[in-house]
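J.:
There are 2 protein chains.
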Amino acid sequence: MPVMTRWLDDQEQATWRAFLSATRALMDSLDRELQHEAGMPHAYYEILVRLSEAPERQMRMSELADACGSSRSRLSHAVARLEESGWVKRQDCPTDRRGQLAVLTADGHRVLVEAAPGHVEGVRRHLFDRLTKEQVAQLRGISEAVLAD
Amino acid sequence: MPVMTRWLDDQEQATWRAFLSATRALMDSLDRELQHEAGMPHAYYEILVRLSEAPERQMRMSELADACGSSRSRLSHAVARLEESGWVKRQDCPTDRRGQLAVLTADGHRVLVEAAPGHVEGVRRHLFDRLTKEQVAQLRGISEAVLAD
DNA sequence: CCCTCTTTGTTGAACTCTCAACTAGATGGC
DNA sequence: GCCATCTAGTTGAGAGTTCAACAAAGAGGG
């Protein structure tokens, strides 16, 4: 039996459309810049960041997938690609013979260090420079509310 | 000459990571739901929405690309796909012989009408139900600030 | 009119992501 | 020990996106 749809009111509608446009524009810019300056998409950059912050710059594939909000399949393909570039290598996990460790290589770390300033600059230019301190706090609250489970 | 990088402070860092996670989770959910219920990704749904709102349910390819925040190439591929599904058709533009009009078909309109309630429900569940009225207003302001040129 | 520059839209190749199927190893009950 | 079940990770195919190259037609200056 069909239930009455709760359509979006004007404020919600306008918010949703602005949010979609803004997010798409933001992500497209960052992706393009990162591809141009570091030769990788934003998703791959994030993988390198997570690895660089992990103890011994290494992580189990599934932890890494969770940390990046990525599916296992996606991560598997991505790490394969990053391995071809020589930025990550895989090692067998000593405690679980099913497991694999993704390890950031010296080259991978160097690429990351070189790309980071330009990327941060981009995040500022496209996002934080356009917001007040108050809006930054609001955006954090909103993001955390969306994530809450 | 290298210029000192303005790194993100703690608040910005936390905001940026939460924003990335939240946006990715939100978009992934909506994409999955729409793919499952309507057989198309969110980007294609948006194309149908824009067409449905246009006079005579038709638009020039480049207007449509701008409205969707899409590249011409992307739109061209997308419309080709939507045409295969029978939801959109192309027509020559009468006033500009280079031009093409994308026209929403009756089938396309029907699919859209059927998918809309479920999609709106998803947008509510994943976004608006988790925010206060105040946060919705804030999100609108933030999005518009990011879009401003 | 002619030449140049711009705009419109498409195309193919390379790349990324998704989904379902699959292998291999761990786990738990009996 | 044995079996069913679950978890870790990979794989290949199909779908979507990007990028650069391209053809075709409009626009504008001389």
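Protein chains in written order, with the working numbering: chain D, 1302 to 1450; chain C, 1302 to 1450. All C-beta atoms in this analysis are idealised placements derived from N, C-alpha and C, irrespective of residue type, glycine included.
1. Quick one: Cα of E1334 (chain D) to Cα of A1326 (chain D), how far?
2. Could you give the residue range of the alpha helix (DSSP H) that holds V1412 (chain D)?
3. Of the choices D:E1347, D:R1425, D:G1423, whose alpha-carbon is the least far from that of G1409 (chain D)?
4. For S1386 (chain D), would you say it is in contact with chain C, using Cβ-to-Cβ distances shorter than 7 Å as the test?
5. Do C1394 (chain D) and G1387 (chain D) count as a contact pair if the criterion is CB distance below 7 Å?
6. Taking the alpha-carbon positions, what's the V1424 (chain D) to W1317 (chain C) distance?
7. Cα separation between L1413 (chain D) and D1329 (chain C)?
8. Ignore the nearest five residues each way along the sequence and tell me which others in Y1345 (chain D)'s own chain have a CB closer than 8 Å to its CB.
9. Using a Cβ-Cβ cutoff of 9 Å, what residues of the segment 1311-1338 of chain C are near chain D? List them in chain order.
10. Please decide whether L1448 (chain C) counts as near chain D, where near means a Cβ-Cβ distance under 7 Å.
11. Which of helix, strand or coil does DSSP assign to L1402 (chain D)?
12. Locate the beta strand (DSSP E) running through R1361 (chain D), then write down its first and last residues.
13. Could you confirm whether any beta carbon from chain D is found closer than 7 Å to the beta carbon of S1444 (chain C)?
14. Between V1414 (chain D) and chain C, is there a C-beta pair that is closer than 7 Å?
T.: To lay it out plainly:
1. 12 Å
2. 1407-1427
3. D:E1347
4. no
5. no
6. 9 Å
7. 26 Å
8. A1379, R1382, L1383
9. Q1312, E1313, A1315, T1316, W1317, R1318, A1319, F1320, L1321, S1322, A1323, T1324, R1325, A1326, L1327, M1328, D1329
10. yes
11. strand
12. 1359-1361
13. yes
14. no
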